[in-house]
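Using the working numbering, read the sequence shown as starting at 28 and increasing by one per residue.
Cβ atoms here follow ideal geometry from the backbone N, Cα and C, with glycine treated the same way.
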Amino acid sequence: MKNRKRMAAALLLCASLLLGACGSGASVPKGESASVSSDTLYVRKIENLPEDFILGMDVSSVLAEERSGVKYVDFDGTEKDLFEILAANGINMIRVRVWNDPYDSAGRGYGGGNNDVDAAVEIGRRATANGMKLLVDFHYSDFWADPGKQFAPKAWAGMKIEEKTEAAYAFTKESLEKLRDAGVDVGMVQLGNETNGALAGEKTWFNIQYIMGAGAKAVREIYPEALVAVHFANPENAESYASYASKLAYYNLDYDVFATSYYPYWHGTLENLASVLSSVAEQYGKKVMVMETSYAFTPEDSDFSGNTISDGSAVVKNYPYTVQGQANSVVDVIETVNSIGGIGVVYWEGAWITVGTSSWEENHEKWERDGSGWASSYAAAYDPDDAGQYYGGSAVDNQAFFDAQGRALESLKLFSLVRTGNELAPAVDALEDARVRFDLSAEIVLPETVNAILTNGSREPVNVEWQIDEAKIAEMKSAAGVYEIAGEADGRAVRCFVTTAELNFLLNGGFEDGTTAPWVIIDRGGADELGIEKNPLNSLDGECNLHFWGAKSGSIDFDAEQTAADLAPGTYQFSVSIQGGDAGEAEVYAYVKLDGEVVATAPLTITRYNSWSTAKIGDIAFTDGRTLTVGVHVKCAGEGSGAWGMIDEACLNVQRG
Ligand code: CA
């Protein structure tokens, strides 16, 4: 089957040769994409973007996709070689993952493109033919390596670290020799993929650095001009990144580029990304870049195999799931990396689209046969717990730069247009869902406007009509919960999520007033920062939170408390949430005081960014004439660059039942 397809492709090639229009990329002026223009895509010009700034695309799945019959189609409807389309739109580097031996004992591919060295050579040839460099991503595994798994290749099983180091050197050298012999223009080689403290089955830096060092040595010998990169994930954990960089420095690893994945829906803010990368760049004198990023152009799945993000599965408040939203997300990443002197941004698997639109069964047959899904069932022996259970198709078909029919999306043009700008008059791109919250005893009034998100990313209020009646309002007031109301604005559908809750007897419990009043802050340690932060991404709900940070050890030592006014006798419950990091040894808890004496506490924990800890204290008996105070106690020794965190959503409610 595979061979027949290859023959058909060869025949096509000959036919176009006869017509004088052949040669993949022959018609594309190398390194030029001046002809890219768009009537609809807004792209901000990124100032001072160096000519050689890497705008890369990982297309590791492309050969398997083509085996499954996927075709790529240019904006004008012409079917073209994927690499030609990418080069013409400003992509200057192609990334490819390499697995040592992604096949079972019967020679059946594990999937995910079945990306062995031969696949990398083929992809590299086509990239080179179209004037793009190749970025080789050695996983040093037989299948996916990421923070969750770093299995050693089958052939390295049982090896001691000395033998494994030798094997890593030999494998890297042989692979790169094959690429060199094929004339592939390799621009960068990475030693492991998302190696957060593990690589090829090794879990100590002492051993990891031997394998990385062996890889680096081979790169320097075979491709002395290429950059050597290391690659990690989870930049939201600044302390982990500082630790990886310091370990590599301690072991004196020979590398040039410290790279990170940055998926906006998982990996924290752009400000944090800039700060994490620039501290490594400054402290260790390394080049930095984003090795993987992506964003959805639609919430819809098109291949019957679930996606990593879809409507409701991720909270990303900055960008809508539209073609323009996808472009804006990537432009912001490029701008951020460039602003700190980073060398590039690579988009992950921008061409991994559906292999069919009829049924799971039909697609499944192709995924098994061609390796065009993320995993085939044949991967079960190597990765029984994940691939063995959940094998299937593409989890990023809604994050590609091609639609389900293979036609290029307008957003692909961003890679060229960031250099020139395409600052069209902003138009409405999407509407932002409204979110409101009411106490059960309050009158429910829905907002008169919702935010339109414009193509340039800005917001503008537009009038809205909600489909709501008295019966629905009565239902929402009858029980605490979240209710979805449909509406229409600017000719488009929009939703309002109404949360009804027990009356909160605290004032400014979510810090949304933008000030700390009427909270009383008792700052014993002398924090560097202790006040309101306005940032929805860092807040549990709404826009604001009570933020703290103290660089000096022990400087985070404070209470934030509030005495409830006008309480009726009854039984109450208090809850509050916290997130943060670098706490070191810490004593953090919620408390309740009656007449100034602590009568109950509940522990809170500070672990990492975006991991909220909630404390709840119930059975608080309040009678007339007493004073009820609730609060949070935070005391941290601090580590790294100092303890930090956010407190949000403090509630004091009547306890029922
Ligand atoms: Ca999918």
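* How far does the alpha helix (DSSP H) with residue 297 in it reach, from first residue to last? -> 297-311
* DSSP three-state call for residue 551: helix, strand or coil? -> coil
* residue 430 beta carbon near ligand 1 (any heavy atom closer than 6 Å) -> no
* **Cβ-based neighbour list, residue 513, same chain, cut-off 7 Å, excluding 5 preceding and 5 following** => 494, 520 and 522
* Can you say whether residue 612 is buried or exposed, counting buried as having 16 or more other CB atoms within 10 angstroms of its CB? => exposed
* Are any of the Cβ atoms in chain C nearer than 7 Å to that of residue 386? -> This model lacks chain C altogether, as it is built from one protein chain only.
* Asked: Exposed or buried, residue 669, counting other C-beta atoms within 10 Å across all chains shown (16 or more means buried)?
  -> buried
* Asked: Hey, is the region 589-599 in contact with the region 654-661, meaning 3+ C-beta pairs nearer than 8 Å?
  -> yes
* To do: Would you mind giving the Cβ-Cβ distance between residue 429 and residue 380, rounded to the nearest angstrom? I have them listed as a contact below 8 Å.
  => 5 Å
* Measuring alpha carbon to alpha carbon, tell me which of 388, 368 and 681 ends up nearest residue 286. => 368
* Asked: Just the Cα atoms here: how many angstroms apart are residue 682 and residue 624?
  -> 21 Å
* To do: Examine the Cβ distances between the region 492-510 and the region 445-452 and report whether three or more of them are shorter than 8 Å.
  => no
* From the DSSP output, read off the bridge partner residues of residue 218. => 165
* **Between the CA atoms of residue 293 and residue 106 - distance to the nearest angstrom** => 35 Å
* Go ahead and pull the three-state DSSP assignment for residue 353. => helix
* Asked: Can you pull the DSSP bridge partners for residue 660?
  -> 586 and 616
* **When 187, 178, 91 and 184 are compared against residue 149, the one with the closest alpha-carbon** => 91
* Is it the case that the CB of residue 424 approaches a heavy atom of ligand 1 more closely than 6 Å? -> yes
* Asked: Taking C-alpha atoms, which residue in 435, 199 and 162 lies nearest to residue 168?
  -> 199
* Asked: Going along the chain, which unbroken runs of the beta strand (DSSP E) with 3 or more residues stay wholly within the region 464-491?
  -> 476-481 and 486-490
* Reference residue 627, options 642, 636, 633 and 634, closest by Cα -> 642
* To do: Tell me, to the nearest whole angstrom, how far the beta carbon of residue 413 is from that of residue 178; I am working on the premise that it is less than 8 Å.
  => That belief does not hold up - the Cβ atoms of residue 413 and residue 178 are roughly 10 Å apart, past 8 Å.
* **Proximal residues to residue 673 (C-beta, below 6 Å), its chain only, five neighbours per side dropped** => 565, 572, 574 and 606
* To do: Compute the minimum distance between the beta carbon of residue 330 and the heavy atoms of ligand 2, and state whether it is under 6 Å.
  => Ligand 2 is not part of the structure shown, which contains ligand 1 as its ligands.
* **Continuous beta strand (DSSP E) stretch holding residue 712: start and end** => Because the chain in this structure spans residues 28 to 684, residue 712 falls outside the shown range and cannot be described.
* Sheet register partners of residue 531 (DSSP bridge) -> According to DSSP, residue 531 bridges with nothing at all.
* When the Cα atoms are used, what is the spatial distance from residue 338 to residue 224? -> 32 Å
* To do: Classify residue 51 as helix, strand or coil using the three-state DSSP reduction.
  => Per-residue confidence for residue 51 stands at a pLDDT of 39, beneath the threshold of 50, marking its modelled position as unreliable; the derived number appears in the next sentence. Coil.
* **Candidates 539, 501, 667 and 631, of which the one nearest residue 579 by Cα** => 667
* First through last residue of the beta strand (DSSP E) which encompasses residue 449 -> Element bounds for residue 449: n/a, residue is neither H nor E.
* Asked: Could you give the uninterrupted runs of the alpha helix (DSSP H) lying entirely in the region 183-233, keeping only those of 4 residues or more?
  -> 188-208
* Nearest-angstrom Cα separation, counted from residue 542 out to residue 676 -> 14 Å
* State buried or exposed for residue 530, treating a residue as buried only when at least 16 other CB atoms are found within 10 Å of its CB. => exposed
* **Assumed close pair residue 453, residue 482 - CB separation to whole angstroms, cut-off 8 Å** => 5 Å
* Taking DSSP as the reference, what is the three-state secondary structure of residue 294? -> coil
* Meets three-Cβ-pair contact criterion under 8 Å: the region 182-201 and the region 243-261 -> yes
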